[in-house]
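Reviewing the structure listed below.
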Amino acid sequence: MRCSSHEISSCPFVHFVVKKKAMSELLAQLEAAFAGHTPILYIHSPEEERILRGIRELSVKRAGMPVRCWSCLGGIDGLEGTQAPSIALQKVITDDLRGVLVFRDMAPFMPQPEVVRALREACIDGQRKEDRVIILLCADLILPEALKKEIQLLDIATPGEVEILQLVHQLNQEHLQVQIPKEAVREITLALKGLTENEIRYVLQRAGNSGKTTHEELLDEIFAEKKSIVKKTGFLEFSPPRWSIQELGGLDNLKDWLRKREKIFSQEALAAGVPIPKGLLMMGVSGCGKSLAVKTISSLWNIPLFRLDMNLVFSGLYGSPEEAFHRALKTIEAVAPAVLWIDEIENALGLDETGQKIASHIFSSFLTWMQEKPPLIFIAATANKIQALPAEIIRKGRFDEVFFCDLPTAVEREEIFRIHLARNGAVLDDYDFKMLQVMTDGWNGAEIEQAVISARTDAFYEKRPFSQRDLSNVIARIVPLSDTMEQQIKSIRSWAFSRATPASKFGKSAAKRL
């Protein structure tokens with residue numbers, strides 16, 4: 023079903039947004055900056071066309087102030103010989119030009135001494151001229167120390183709900199193949215947040231032209247676009263939403279917690295003022311499903327999941343670790359709503375076995391960011407060496423909940439066996455699950471998965487279907503982690519017993535047995 027422009031404009035959600043925000047975020051930011059009568063304004067944004075359109079719209083409201091643009095190729099509109107930025111700025115002063123003067127892509131020229139001097143003189147000359155504003159519109163942020171006190175910096179956010187809906191309405195009026203089901207407008211609009219205007223246009227046109235018009239297909243296209251954005255950083259990895267929560271065995275308390283928050287990342291929840299969850303920390307025994315649980319969040323909540331590779335951050339390939347980490351967090355903010363996955367957080371943040379902070383700058387900046395981050399970013403962290411986690415991380419307020427993932431109980435082991443046997447094409451009625459429960463006492467989920475895979479591999483080698491006998495033979499050969507690391511697991515359980523919520527409904531009873 024094609025959602026016409028009339029259907030979109032008549033959607034109650036559209037009326038709510040327009041009523042709540044009569045002016046887009048862009049125009050509001052520009053108007054506030056113009057109201058300060060600053061002589062020079064530095065706008066940091068890659069969206070040149072969108073910013074210029076907003077500037078022209080605002081200049082009309084402000085008694086029709088003329089708008090002129092400069093570039094290093096053509097100089098100032100209508101003035102020859104002004105390609106050099108310092109000459110163009112001098113021309114503004116000597117000819118006493120008025121209106122809004124937009125200097126595009128000035129960032130590479132900013133370190134030049136003559137440009138710094140010309141900007142300072144233009145700032146002094148324009149202090150009492152309220153009908154002149156010089157705007158430096160740049161995709162890069164390069165601001166010399168000498169100019170930081172003279173120039174006002176404005177960091178423009180990507181389009182908000184109002185602008186996204188207007189763009190969708192515009193694309194429908196242009197009769198392009200942009201088909202958004204009426205019932206999906208709200209969720210698609212939220213998913214598009216974080217993309218630039220051009221990126222939104224490209225992704226919707228690509229989806230429409232390829233016939234991908236269902237709710238799920240549109241979300242996949244949006245996630246693919248966000249994957250492309252974060253891939254440019256090098257240290258952020260997109261994790262596709264291919265794991266269903268039904269494929270996660272056991273961990274019932276954790277799964278219930280996730281299901282109750284399934285609709286929290288929605289426009290309805292934002293409109294109702296429901297607090298958005300900040301994050302989730304899963305710690306415990308290795309191989310008990312922590313990473314798989316994180317991967318299921320993306321499919322359940324319909325928001326993209328990005329894994330931050332801290333090894334690459336610390337490698338130095340992308341500048342200093344502090345700089346790379348800061349860029350990673352800014353990139354995640356740019357593609358929100360999103361889930362940020364930090365695996366083995368105790369190692370990722372530079373903590374040693376005793377919890378001492380090796381990379382203290384990254385650790386402290388991460389804690390600050392967790393408190394001040396945008397609400398539509400959910401942090402999913404996992405930890406194995408839970409004794410190394412300092413109190414600053416696990417205290418309430420950093421994460422909404424801290425779950426302890428213990429070894430699966432007998433009932434959970436049967437559930438895990440059923441999942442992996444079904445995935446490998448086994449006939450479940452041919453297996454004695456009570457016997458499998460007894461044989462795998464003390465096993466974790468990863469060991470059960472590997473046993474099923476090994477049994478199928480052995481049977482495939484002999485060119486026959488695999489059976490319970492193959493599985494029993496493999497189980498007899500495997501020494502579980504609970505035997506090789508018995509003391510360490512006891513220590514982990516003892517530490518987590520009074521500090522974390524059991525991810526399994528039987529977690530505390532399992533801990534009491536020890």
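The numbering of the sequence shown is this note's numbering, which starts it at 23 and goes up by one. Even glycine gets a Cβ: it sits at the ideal position worked out from N, Cα and C. The model shown is predicted, which means the values in this text are computed figures rather than measured ones.
Is the segment 326-343 touching the segment 249-264 in the sense that three or more CB pairs, one from each, lie closer than 8 Å?
-> yes
Return yes when the Cβ of Arg-72 is within less than 8 Å of the Cβ of Val-89, no when it is not.
-> no
CA-CA distance, Glu-209 and Phe-287?
-> 9 Å
Contact under 8 Å by Cβ, Leu-302 with Phe-421 | Contact: yes.
Closest by CA to Val-361, which one among Asp-454, Leu-330 and Thr-462?
-> Leu-330
If we ignore side chains and look at the alpha-carbon of each, how far apart do Ala-168 and Met-132 end up?
-> 11 Å
Would you say Ile-244 and Ala-293 are within 8 Å of each other, going by their C-beta atoms?
-> no
Cβ of Pro-487 within 8 Å of Cβ of Phe-400?
-> no
Where does the unbroken beta strand (DSSP E) through Glu-259 begin, and where does it stop?
-> 258-261
By Cβ distance, which residues of its chain are closer than 6 Å to Val-424, with the 5 residues on each side in sequence left out?
-> Non-local beta-carbon contacts of Val-424 in its own chain, meaning distances under 6 Å to residues more than five positions away in sequence, involve Leu-303, Ile-416 and Ala-522 in chain order.
Length-filtered (3 minimum) beta strand (DSSP E) runs lying within the segment 403-463 | 423-427
For Ile-164 and Glu-437, the rounded distance between their alpha carbons = 56 Å
Comparing alpha-carbon positions, which option in Gly-338, Glu-290, Ala-291 and Trp-363 lies nearest Ala-315?
-> Trp-363
Identify the continuous beta strand (DSSP E) that holds Asp-177 and give its terminal residues.
-> 174-177
If you draw a straight line from the C-alpha of Tyr-64 to the C-alpha of Ile-157, how long is it?
-> Taking the CA atoms as reference points, Tyr-64 sits about 6 Å from Ile-157.
Close Cβ partners of Ser-516 (< 6 Å) along its chain, the five nearest in sequence each way excluded | none
Near Trp-391, what residues of its chain come up, given a Cβ to Cβ distance below 6 Å and the 5 sequence neighbours on each side ignored?
-> Around Trp-391: Leu-351.
Would the beta-carbon of Asp-451 fall within 8 Å of that of Gln-490?
-> A distance of 8 Å or more separates the beta carbons of Asp-451 and Gln-490.
Cα-Cα separation between Ile-500 and Lys-395, rounded to whole angstroms | Ile-500 and Lys-395 have their C-alpha atoms spaced approximately 45 Å apart.
Do Glu-368 and Lys-418 have their CB atoms nearer than 8 Å?
-> Result no, Cβ atoms of Glu-368 and Lys-418 do not sit closer than 8 Å.
How about Leu-615 and Ala-525: do their beta carbons lie closer than 8 Å?
-> It is not possible to answer for residue 615, since the shown part of the chain is limited to 23 through 536.
According to DSSP, is Trp-391 helix, strand or coil?
-> helix
Below-8 Å beta-carbon distance, Ile-173 vs any chain C residue | Judged by its chain identifiers, the structure shown contains no chain C, having just a single protein chain.
By Cβ distance, which residues of its chain are closer than 8 Å to Glu-152, with the 5 residues on each side in sequence left out?
-> Once the five neighbours on either side are set aside, the close Cβ partners of Glu-152 are His-59.
Would a C-beta distance cut-off of 8 Å place Ala-179 and Glu-47 closer than the cut-off?
-> yes
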